[in-house]
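Peer 1:
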Amino acid sequence: MADHSQNGWPVLSSTRLTWFSAAGGRFAAANSDVAFLARYLIDRFDKEVEKIDGRVLDDWSWAARNVRGSSSVISNHASATAWDLNALKHPRGARNTFTRSQISKVHAILARITDGKGHKIFRWGEDYVNATVDGMHFEINASKAQVSRARTVLQQRLEEEEDMKWTDQVKLTATDAKIWGKPYKTGEKVTYGLMVRYPTLARKTQADLRAFAAASAKRDAAMKAQLDTLIAAVGALSSGSAAEVSKAFADGMSAMRAEVDKIDAETSVVDGTGVSDEEIAADVEAAIAEAEAEEAIDLTQAERASA
Numbered sequence: 000m001a002d003h004s005q006n007g008w009p010v011l012s013s014t015r016l017t018w019f020s021a022a023g024g025r026f027a028a029a030n031s032d033v034a035f036l037a038r039y040l041i042d043r044f045d046k047e048v049e050k051i052d053g054r055v056l057d058d059w060s061w062a063a064r065n066v067r068g069s070s071s072v073i074s075n076h077a078s079a080t081a082w083d084l085n086a087l088k089h090p091r092g093a094r095n096t097f098t099r100s101q102i103s104k105v106h107a108i109l110a111r112i113t114d115g116k117g118h119k120i121f122r123w124g125e126d127y128v129n130a131t132v133d134g135m136h137f138e139i140n141a142s143k144a145q146v147s148r149a150r151t152v153l154q155q156r157l158e159e160e161e162d163m164k165w166t167d168q169v170k171l172t173a174t175d176a177k178i179w180g181k182p183y184k185t186g187e188k189v190t191y192g193l194m195v196r197y198p199t200l201a202r203k204t205q206a207d208l209r210a211f212a213a214a215s216a217k218r219d220a221a222m223k224a225q226l227d228t229l230i231a232a233v234g235a236l237s238s239g240s241a242a243e244v245s246k247a248f249a250d251g252m253s254a255m256r257a258e259v260d261k262i263d264a265e266t267s268v269v270d271g272t273g274v275s276d277e278e279i280a281a282d283v284e285a286a287i288a289e290a291e292a293e294e295a296i297d298l299t300q301a302e303r304a305s306a
């Protein structure tokens with residue numbers, strides 16, 4: 000067997016492989032840079048395109064062999080720079096084994112893995128034009144230097160995406176604005192720093208507590224007024240009969256209970272904002288739908304960029 004595979008990478012023996020885990024499986028790679036990029040590709044394929052079932056043994060990486068049908072060209076599997084995913088679902092030579100949506104998602108993933116100069120690191124067998132279509136097959140289509148740069152670029156992107164900055168902004172929804180109150184308006188952008196300090200639900204809780212405190216104060220004042228009335232009524236009848244005193248006391252207690260019940264009914268569900276739990280749930284659902292729509296637009300743009 001020659002020294003290099005079809006893409007120019009050196010052929011490796013089983014003792015020189017770099018092993019990595021992805022999507023619950025174990026795969027081989029030519030080096031740690033290749034392993035990093037392949038893991039990213041395989042994990043996203045598993046999560047976004049099609050589940051890779053580890054119980055079905057149809058996912059492969061390293062194999063010391065030639066390209067199928069060739070007696071001289073060495074397969075990129077021999078250099079541990081190629082991987083086959085869900086081979087039974089996407090056999091070599093079979094077309095239309097992926098949906099249009101799945102194809103778009105794969106292209107979006109591949110478009111993310113570049114050397115920072117516009118060169119895509121992976122080639123997909125589904126895109127073959129002058130060779131037999133091979134939807135299961137992904138391979139490195141770049142030099143070691145390009146792969147190394149691609150790892151650096153991707154790592155930086157992932158770190159930037161994971162790090163939320165205090166200065167990053169988010170738009171207030173209608174419910175946010177209603178709960179936050181003036182001067183905040185629907186659609187107004189505020190920083191994550193402000194959202195963390197004064198999150199919407201915390202603001203609602205504060206308002207509800209203020210409303211509860213006001214209701215409690217009103218209840219206490221009503222009880223005191225009724226007690227004062229009761230004491231005065233009983234005191235005025237101190238020289239009366241026991242029956243008259245008892246009736247005055249009973250009437251006073253009844254009036255106090257009626258007043259307290261009235262206040263309790265008015266504040267049985269204390270809400271200082273006028274926003275119901277149903278409104279908040281609907282608002283969250285709408286925000287998720289908006290985020291998904293924006294993600295779909297990004298996916299379409301990535302697909303066009305990769306075309």
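For the record, in the sequence shown the residue sitting at position 110 is 109 according to the numbering used here, with numbers rising by one throughout. The beta-carbon is built from N, C-alpha and C at its ideal position, and this holds for glycine as well.
1) What residue range is occupied by the uninterrupted alpha helix (DSSP H) comprising Lys104?
2) Per DSSP, which one or two residues make a beta bridge with Arg122?
3) Residues in the same chain with beta-carbon distance under 8 Å from Thr307, minus the five sequence neighbours each way, listed in chain order, please.
4) For the alpha helix (DSSP H) that contains Val189, what are its first and last residues?
5) Quick check: Ala34 and Thr17, are their CB atoms within less than 7 Å of each other?
6) Which same chain residues end up closer than 6 Å to His89 when comparing Cβ atoms and leaving out the 5 residues on each side of it in sequence?
7) With the cut-off set at 7 Å, would you say Ala21 and Ala79 are in Cβ contact?
8) Following the continuous alpha helix (DSSP H) through Val33, name the residue where it begins and the one where it ends.
9) In the DSSP assignment, what residue or residues form a beta bridge with Phe26?
10) If you measure between the beta carbons of Asn328 and Asn6, is that distance less than 7 Å?
11) Classify Thr172: buried if its beta carbon has 16 or more other beta carbons within 10 angstroms, exposed otherwise.
12) What separation, rounded to the nearest whole angstrom, lies between the Cα atoms of Ala107 and Ala130?
13) Could you give the DSSP three-state label for His89: helix, strand or coil?
14) Per DSSP, what kind of secondary structure is Val152 in: helix, strand or coil?
15) Please report the Cβ distance between Ala63 and Ala77, rounded to the nearest whole angstrom; I am assuming they are in contact, meaning their Cβ atoms lie under 8 Å.
16) With DSSP run on the structure shown, which of helix, strand or coil describes Ile51?
17) Quick one: residues in its chain with C-beta nearer than 7 Å to the C-beta of Val189, no 5 flanking neighbours on either side, listed in chain order?
18) Look at the alpha carbon of Ile230 and the alpha carbon of Ser215, and state the distance between them as a whole number of angstroms.
Peer 2: Considering the structure as presented:
1) It spans 99-111 - the alpha helix (DSSP H) in which Lys104 sits, taken as one unbroken run.
2) Residue pairing by DSSP places Arg122 opposite Glu138 in a beta bridge.
3) Beyond the ends of the chain as shown, which are 0 and 306, falls residue 307; an answer cannot be given.
4) Premise fails: Val189 lies in the beta strand (DSSP E), 188-190, not in any alpha helix (DSSP H).
5) Contact flag set, yes.
6) The residues are Thr96, Gly134, Met135.
7) In this structure, Ala79 does not lie closer than 7 Å to Ala21 by Cβ.
8) Annotation for Val33: the continuous alpha helix (DSSP H) segment containing it runs 31-43.
9) Phe19.
10) There is no way to answer for residue 328, as the model of the chain reaches only from 0 to 306.
11) Burial state of Thr172 is buried, judged by a 10 Å Cβ sphere holding 16 or more other Cβ atoms.
12) Distance between the alpha carbons of Ala107 and Ala130 is about 22 Å.
13) In the structure shown, His89 adopts coil according to DSSP, grouped into three states.
14) Taken through DSSP and simplified to helix, strand or coil, Val152 comes out as helix.
15) The pair is a contact, with the Cβ atoms about 5 Å apart (cut-off 8 Å).
16) Under the three-state reduction of DSSP, Ile51 is assigned to coil, being neither helix nor strand.
17) When the five nearest sequence neighbours on each side are left out, the beta carbons in the same chain lying within less than 7 Å of the beta carbon of Val189 are those of Gln168, Val169, Leu171, in order along the chain.
18) Cα-Cα distance, rounded: 22 Å.
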